[in-house]
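Trainee: Take the numbering used here: the final residue in the sequence shown is number 349, and no numbers are missing along the way. Note that CB positions come from ideal geometry on N, CA and C, so glycine has one too.
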Amino acid sequence: MVGFPRKALGAPATPVVTGPGTPRARDLGIPFIGTPGPLNAITDVTGVRVEHITLIEGEGALEVGTGPVRTGLTAILPRGDLLPVFAGWNVLNGIGELTGTEVIDESGFLTGPILTTNTLSVGVVRDAVTSWAYERLGPDGSLFVSTPVVGETWDGFLNDINGHHVTSEHVYAALDALAGTGDAAPDPVEEGNVGGGAGMICHGFKGGIGSASRRLDAANGGYTVGVLVQANHGYRPNLTIAGVPVGQEISDLMPELGEMARGGGKDSSIIGIVATDAPLLPHQLKRLAKRVGLGVAIVGGRGEDASGDIFLAFSTAYGADLGNQDVVSVDMLPFFLTDPLLEATV
Numbered sequence: 004m005v006g007f008p009r010k011a012l013g014a015p016a017t018p019v020v021t022g023p024g025t026p027r028a029r030d031l032g033i034p035f036i037g038t039p040g041p042l043n044a045i046t047d048v049t050g051v052r053v054e055h056i057t058l059i060e061g062e063g064a065l066e067v068g069t070g071p072v073r074t075g076l077t078a079i080l081p082r083g084d085l086l087p088v089f090a091g092w093n094v095l096n097g098i099g100e101l102t103g104t105e106v107i108d109e110s111g112f113l114t115g116p117i118l119t120t121n122t123l124s125v126g127v128v129r130d131a132v133t134s135w136a137y138e139r140l141g142p143d144g145s146l147f148v149s150t151p152v153v154g155e156t157w158d159g160f161l162n163d164i165n166g167h168h169v170t171s172e173h174v175y176a177a178l179d180a181l182a183g184t185g186d187a188a189p190d191p192v193e194e195g196n197v198g199g200g201a202g203m204i205c206h207g208f209k210g211g212i213g214s215a216s217r218r219l220d221a222a223n224g225g226y227t228v229g230v231l232v233q234a235n236h237g238y239r240p241n242l243t244i245a246g247v248p249v250g251q252e253i254s255d256l257m258p259e260l261g262e263m264a265r266g267g268g269k270d271s272s273i274i275g276i277v278a279t280d281a282p283l284l285p286h287q288l289k290r291l292a293k294r295v296g297l298g299v300a301i302v303g304g305r306g307e308d309a310s311g312d313i314f315l316a317f318s319t320a321y322g323a324d325l326g327n328q329d330v331v332s333v334d335m336l337p338f339f340l341t342d343p344l345l346e347a348t349v
C-alpha cells in the first residue's frame with residue numbers, strides 16, 4: 004500500500020487494516036471449506052499484485068469539498084505486467100458499473116490493470132489510467148489500455164463523495180507502484196478500511212476490501228483461485244457465517260444516518276475479482292465469475308433491487324501478444340474438470 008503525506012497530496016492514509024497481529028476468521032477457529040494458499044489472498048495466484056491508495060481525513064459535519072474523507076482506490080495487476088489475459092465477467096444485479104466489459108465480451112481479453120473506487124470517481128480513475136498508459140507506454144503500448152476496467156461501490160454514507168477527492172495523482176501512484184512487479188515475491192493483501200474499501204459498509208458493519216484464496220490438491224491440478232472483493236452490501240439480519248445466522252444475533256451497533264448521503268445498506272453493492280492460474284478460456288472464466296454470486300448469497304447477500312453486484316474472473320496462465328500475427332496454441336482445462344475450480348471460487 005502507498006500512504007500519502009499531507010503536503011504531497013493533502014489526504015494522508017491512516018486506515019485501520021489487517022496486519023500481522025490481526026486475526027482473520029480462520030485464526031478464530033471459524034470453519035471454512037477448502038485449503039487456502041500461503042497468504043490466503045488473491046496474490047497467492049502467481050503474478051497478481053495489489054496496491055491500495057487510501058484517503059482518510061477529517062471528522063464531524065459534512066462539508067462538500069473538504070470532508071470527512073473516507074475513500075480511495077485499489078489497483079490489481081493480473082501478471083505483474085500489462086500483457087492481455089483471458090477474462091470473463093458476470094452480473095448478479097446490475098445497478099452499478101464495471102467499465103470495459105463490452106471489450107472483454109467481444110475479445111475475450113482483459114488488457115491492463117483493474118481498479119476499484121467509489122461511484123463518483125469512476126470517470127477520473129478511468130481517464131487517469133489511459134493517460135498513465137500513454138505517458139508510460141507510448142502510443143503503441145497504450146492502445147491496448149484504451150478501455151480500462153474500473154469498478155465502483157457507493158461510499159457516500161461515510162465519505163464526502165461529492166467532493167471528488169480521488170485524483171489522477173492517486174491513480175498514477177498506484178500504477179507506478181505496480182509496474183514491473185511481476186518477478187517480485189507476492190505480498191499479503193491489506194484488508195478492511197483500505198483503498199477503494201475505505202468508506203464501505205457491509206451487512207451493517209464496517210466493510211471494505213477482503214481477499215482469500217483456495218489451492219486445489221494435486222489430483223485436481225494443484226491450481227490456485229484467489230478472490231478480492233470491495234464489499235458495500237448486505238442487510239444485517241441476513242448475515243450468515245459458516246452457516247450461523249450471525250446477523251440475527253448481533254442487532255446493536257447499527258450505522259446511524261447523519262448528514263452524509265445514504266448508502267452502504269442492503270441495496271448497496273459488491274465488486275468481486277477472481278484470479279486463477281488454471282488454463283481457462285473466456286467462456287470458462289465467465290462461469291467462474293458467475294460463482295461469485297453464490298458466495299455472496301451464502302454469506303447473506305440477495306442481489307437486492309438497487310445493488311450493483313458485478314464480478315470479473317481472469318486467468319494468468321496465458322499472456323497474449325496481441326501484435327502477434329501467427330496462429331497460436333493455448334491450453335485449456337476440459338469442461339468436466341472445472342468443478343473443483345468453481346467450488347473453490349464459491
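#1: Under 7 Å, do Ser-254 and Gly-311 count as touching if we go by C-beta distance?
#2: Just curious, the alpha helix (DSSP H) that Gln-328 is in, first and last residue?
#3: For Leu-31, is the classification buried or exposed, using 16 other Cβ atoms within 10 angstroms of its Cβ as the cut-off for buried?
#4: Spatial neighbours of Asp-158 within its chain, please: CB distance less than 8 Å, with the 5 preceding and 5 following residues excluded, ordered by chain position.
#5: Look at the alpha carbon of Gly-250 and the alpha carbon of Val-232, and state the distance between them as a whole number of angstroms.
#6: Compare the Cα-Cα distances from Val-153 to each of Tyr-137, His-167, Val-132, His-173 and report the closest residue.
#7: What residues in its chain sit with their C-beta under 6 Å from that of Gly-70, if we drop five residues either side in the sequence?
#8: Roughly how many angstroms lie between the CA atoms of Leu-161 and Arg-290, to the nearest whole one?
#9: Below 8 Å on the Cβ atoms is my contact criterion, and I expect Leu-284 with Ala-90 to pass it. Report the Cβ-Cβ distance as a whole number of Å.
#10: Within the chosen definition, does the stretch 214 to 223 reach the stretch 39 to 50 through at least 3 CB pairs nearer than 8 Å?
#11: Return the bridge partner residues of Leu-58 from the DSSP annotation.
#12: Just verifying my parser: in three-state terms, what is the DSSP assignment at Trp-92?
#13: What residue range is occupied by the uninterrupted beta strand (DSSP E) comprising Arg-290?
#14: Residue range of the beta strand (DSSP E) that Arg-305 falls in?
#15: According to DSSP, is Tyr-321 helix, strand or coil?
#16: What separation, rounded to the nearest whole angstrom, lies between the Cα atoms of Ala-278 and Ile-313?
#17: How big is the Cα-Cα spacing for Leu-345 and Thr-243?
#18: Output the boundary residues of the alpha helix (DSSP H) element that contains Thr-133.
#19: If you draw a straight line from the alpha carbon of Asp-130 to that of Glu-252, how long is it in whole angstroms?
#20: Output the distance between the C-alpha atoms of Val-228 and Ala-281, rounded to the nearest integer angstrom.
#21: Using CA coordinates, which residue listed in Gly-115, Pro-191, Ala-320 is at the minimum distance from Ser-332?
#22: Just the C-alpha distance for Lys-209 and Asp-329, rounded to the nearest angstrom, thanks.
#23: Looking only at its chain, what residues have a beta carbon closer than 7 Å to the beta carbon of His-168, apart from the 5 residues adjacent to it on each side?
#24: Is Gly-298 closer than 7 Å to Met-257 when the C-beta atoms are compared?
#25: Sorted by chain position, which residues of the same chain lie with C-beta nearer than 8 Å to Val-67's C-beta, five sequence neighbours on each side aside?
#26: In terms of alpha-carbon separation, which member of Thr-348, Gly-195, Thr-104 lies closest to Ser-149?
#27: When you compare each of Asn-96, Leu-85, His-286 to Tyr-351 by their alpha carbons, which one comes out closest?
#28: In the DSSP assignment, what are the bridge partners of Leu-101?
#29: Quick one: does the C-beta of Ile-107 sit closer than 6 Å to a heavy atom of the ligand SAH?
#30: Enumerate in chain order the residues of its own chain whose CB-to-CB distance from Phe-35 is below 8 Å, with the five nearest sequence positions on each side excluded.
#31: Using 10 angstroms around the beta-carbon of Ala-187, count the other beta-carbons present and answer buried if the total reaches 16, otherwise exposed.
#32: From Trp-135 to Tyr-175, what distance separates their C-alpha atoms?
Mentor: Let me lay it out:
#1: Here the question's residue 254 lines up with position 251 in the sequence shown. Here the question's residue 311 lines up with position 308 in the sequence shown. No; because the gap between Cβ atoms is not below 7 Å, this pair is not in contact.
#2: Counting from one through the sequence shown, the residue named residue 328 turns up at place 325. From DSSP, Gln-328 is part of no alpha helix (DSSP H); its letter is neither H nor E.
#3: Taking the sequence shown and counting its residues from 1, the one referred to as residue 31 is at position 28. Classification for Leu-31: exposed.
#4: For this step, residue 158 is matched to residue 155 along the sequence shown. If we look at Asp-158 and ignore the five residues flanking it on each side, its Cβ neighbours are Arg-73, Thr-74, Asn-121, Thr-122, Ile-164, Ala-201, Gly-202, Met-203, Asn-235, Gly-266, Gly-267.
#5: By one-based count along the sequence shown, residue 250 stands at place 247. By one-based count along the sequence shown, residue 232 stands at place 229. Whole-angstrom Cα-Cα distance: 20 Å.
#6: Start at 1 with the first residue of the sequence shown, and residue 153 comes out as number 150. Residue Val-132 is the option with its Cα nearest to Val-153.
#7: Sequence index remark: in the sequence shown, residue 70 carries index 67 (1-based). Result list for Gly-70: Glu-60, Gly-61, Asp-163, in chain order.
#8: Locating residue 161 in the sequence shown gives position 158, where the first residue counts as 1. Locating residue 290 in the sequence shown gives position 287, where the first residue counts as 1. C-alpha separation (whole angstroms): 34 Å.
#9: By 1-based counting over the sequence shown, the position of residue 284 is 281. By 1-based counting over the sequence shown, the position of residue 90 is 87. Leu-284 to Ala-90, Cβ: 10 Å. No contact.
#10: yes
#11: Translated into positions along the sequence shown, residue 58 becomes position 55. DSSP lists Thr-74 as partners of Leu-58.
#12: For this step, residue 92 is matched to residue 89 along the sequence shown. Strand.
#13: Taking the first residue of the sequence shown as 1, we reach residue 290 at position 287. No beta strand (DSSP E) contains Arg-290, which is instead part of the alpha helix (DSSP H) from 285 to 302.
#14: Residue 305 sits at position 302 when you count from the first residue of the sequence shown. Run containing Arg-305: none; DSSP gives neither H nor E here.
#15: What you label residue 321 is simply residue 318 of the sequence shown in a count that begins at 1. Three-state DSSP puts Tyr-321 in a strand.
#16: By one-based count along the sequence shown, residue 278 stands at place 275. By one-based count along the sequence shown, residue 313 stands at place 310. Rounded to whole angstroms, Ala-278 to Ile-313 spans 15 Å at the Cα level.
#17: Translated into positions along the sequence shown, residue 345 becomes position 342. Translated into positions along the sequence shown, residue 243 becomes position 240. C-alpha separation (whole angstroms): 21 Å.
#18: As a first step, residue 133 is located in the sequence shown; it is residue number 130 there, counting from the start. It spans 125 to 145 - the alpha helix (DSSP H) in which Thr-133 sits, taken as one unbroken run.
#19: Here residue 130 is taken as the residue at index 127 of the sequence shown, counted from 1. Here residue 252 is taken as the residue at index 249 of the sequence shown, counted from 1. Taking the straight line joining both Cα atoms gives about 44 Å.
#20: Here residue 228 refers to the residue found at position 225 of the sequence shown. Here residue 281 refers to the residue found at position 278 of the sequence shown. Near 8 Å, if we compare the C-alpha coordinates of Ala-281 and Val-228.
#21: Your numbering for residue 332 matches position 329 in the sequence shown. The shortest C-alpha separation from Ser-332 is found at Ala-320.
#22: If you number the sequence shown from 1, residue 209 lands on position 206. If you number the sequence shown from 1, residue 329 lands on position 326. Straight-line Cα distance between these residues: approximately 51 Å.
#23: Residue 168 sits at position 165 when you count from the first residue of the sequence shown. Cβ neighbours of His-168 beyond the five flanking positions: Ala-14, Leu-58, Val-72, Thr-74.
#24: Counted from its first residue, the sequence shown places residue 257 at position 254. Counted from its first residue, the sequence shown places residue 298 at position 295. Contact flag unset, no.
#25: By one-based count along the sequence shown, residue 67 stands at place 64. Within the same chain, Val-67 has close Cβ partners Asp-163, Asn-165, Gly-166.
#26: Sequence index remark: in the sequence shown, residue 149 carries index 146 (1-based). Of the candidates Thr-348, Gly-195, Thr-104, the one whose C-alpha sits nearest the C-alpha of Ser-149 is Thr-104.
#27: Lying before the first or after the last residue shown, residue 351 is absent from the chain, which here runs from 4 to 349.
#28: The residue given as residue 101 occupies position 98 in the sequence shown. According to DSSP, which records beta bridges pairwise, Leu-101 is partnered with Gly-154.
#29: By its list of ligands, the structure shown contains no ligand whatsoever, and the ligand SAH lies outside what it can speak to.
#30: Sequence index remark: in the sequence shown, residue 35 carries index 32 (1-based). Taken in chain order, the residues that qualify are Ala-28, Arg-29, Ala-245.
#31: Here the question's residue 187 lines up with position 184 in the sequence shown. Classification for Ala-187: exposed.
#32: Numbered from its first residue, the sequence shown carries residue 135 at position 132. Numbered from its first residue, the sequence shown carries residue 175 at position 172. Using only the alpha carbons, I get a separation of about 6 Å.
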